[in-house]
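In our numbering, each residue carries its 1-based index in the sequence shown increased by 34.
Glycine included, C-beta positions come from ideal geometry on N, C-alpha and C.
Model, not experiment: these values are computed from the prediction.
The structure under discussion appears below in the form of structure tokens.
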Amino acid sequence: MKGSLIILSFFAVGLIGGIYNIFPQWMLNDDLTTYALFGLMFLVGISIGSDKAAFYILRKMNFKIFLVPTTVIVGSLLGTALISLMLSDINVKEGMAVGAGFGYYSLSSIFISEISGKELGVVALLSNIFREIITLLAVPILVKYFGKLAGIASGGATAMDTTLPIIVKFTGKEYGIIAIFSGIVLTILVPMLIILILEVL
């Protein structure tokens, strides 16, 4: 819980500072966040690579590792389909398409905007941004009450990058490789699933 509050505090300070233009102009450069992410990924890579237990778990799981992204897909699509039934402005297909973003807000919102219009694209953007933020805040709670894979599942596609550091911190280095694998699979499937749901089904 303490870790979540610290993350939320940093986010809140950044948000307020951005709204009121408190920070210098160089801090508003999009490249800065990209470089920070690169740095985090580098450090996480070193941490996981130096831990032999991580590769032992990967070998032990074998094909079972595919169950992680598979259950994320089923859970995300089923959950958003059920929620869409309670909304008057979004049908089941549109709800599932939003869920198929798996937290990858930039790519999913572009695809959905092109196929179904900007209004649904904005819904996809915000929904998937919230998924990422909630994961960053809730991983400690999810891991404590639902197990280590719950933190990975919550991250969706972001488990391979932006939410990976917090996932590794609370699940252990050995689960870092599982998170990266699941995130990569989901990232690859995002555009395919969105097109399948909106244009084929």
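task = Go ahead and pull the three-state DSSP assignment for A191.
result = As a first step, residue 191 must be located in the sequence shown, where it is residue number 157. Reduced to three states, the DSSP call for A191 is helix.
### Residues near R165 in its chain [Cβ-Cβ closer than 6 angstroms; skip 5 each side]
Taking the first residue of the sequence shown as 1, we reach residue 165 at position 131. Here the set comprises G137.
### Query
Apart from the five residues just before and just after I168, which ones in its own chain have a Cβ nearer than 8 angstroms to its Cβ?
Against the sequence shown, residue 168 aligns to sequence position 134. Cβ neighbours of I168 beyond the five flanking positions: S188.
| message | In this structure, how does DSSP classify M35 when only helix, strand and coil are distinguished? | response | On the sequence shown, position 1 is the one that residue 35 refers to. Note on M35: pLDDT 48, under 50, position unreliable in the model; no value is reported.
Can you tell me whether DSSP reads S216 as helix, strand or coil? For the purposes of this step, residue 216 is identified with residue 182 of the sequence shown, where counting begins at 1. DSSP places S216 in helix when its eight states are reduced to three.
Residue range of the unbroken alpha helix (DSSP H) whose run includes S236 = For the chain, the structure presents residues 35 to 235; residue 236 sits outside this window and is missing.
Let's test the definition: count the other Cβ atoms within 10 Å of the Cβ of A7 and tell me whether it reaches 16, buried, or not, exposed. The chain is shown from 35 up to 235; residue 7 falls before or after that span and cannot be answered.
Q. Fully enclosed by the region 155 to 210, which alpha helix (DSSP H) runs are 4 residues long or longer?
A. 182 to 189 and 198 to 205
message: Can you give me the C-alpha to C-alpha distance between L232 and I56, rounded to a whole angstrom?
response: By one-based count along the sequence shown, residue 232 stands at place 198. By one-based count along the sequence shown, residue 56 stands at place 22. C-alpha separation (whole angstroms): 42 angstroms.
Supposed close pair V132, T114 - CB separation, criterion 8 angstroms: In the sequence shown, counting from the first residue as 1, residue 132 sits at position 98. In the sequence shown, counting from the first residue as 1, residue 114 sits at position 80. Confirmed, Cβ separation roughly 6 angstroms.
Taking just the CA atoms, how far does I107 sit from G217? Position 183 of the sequence shown, counted from the start, is the residue given in the question as residue 217. Position 73 of the sequence shown, counted from the start, is the residue given in the question as residue 107. Their backbone Cα atoms lie some 11 angstroms apart in a straight line.
Exercise. Which class does S23 belong to by DSSP, given the choice of helix, strand or coil?
Worked result: No answer is possible for residue 23: it lies beyond the span of the chain, which begins at 35 and ends at 235.
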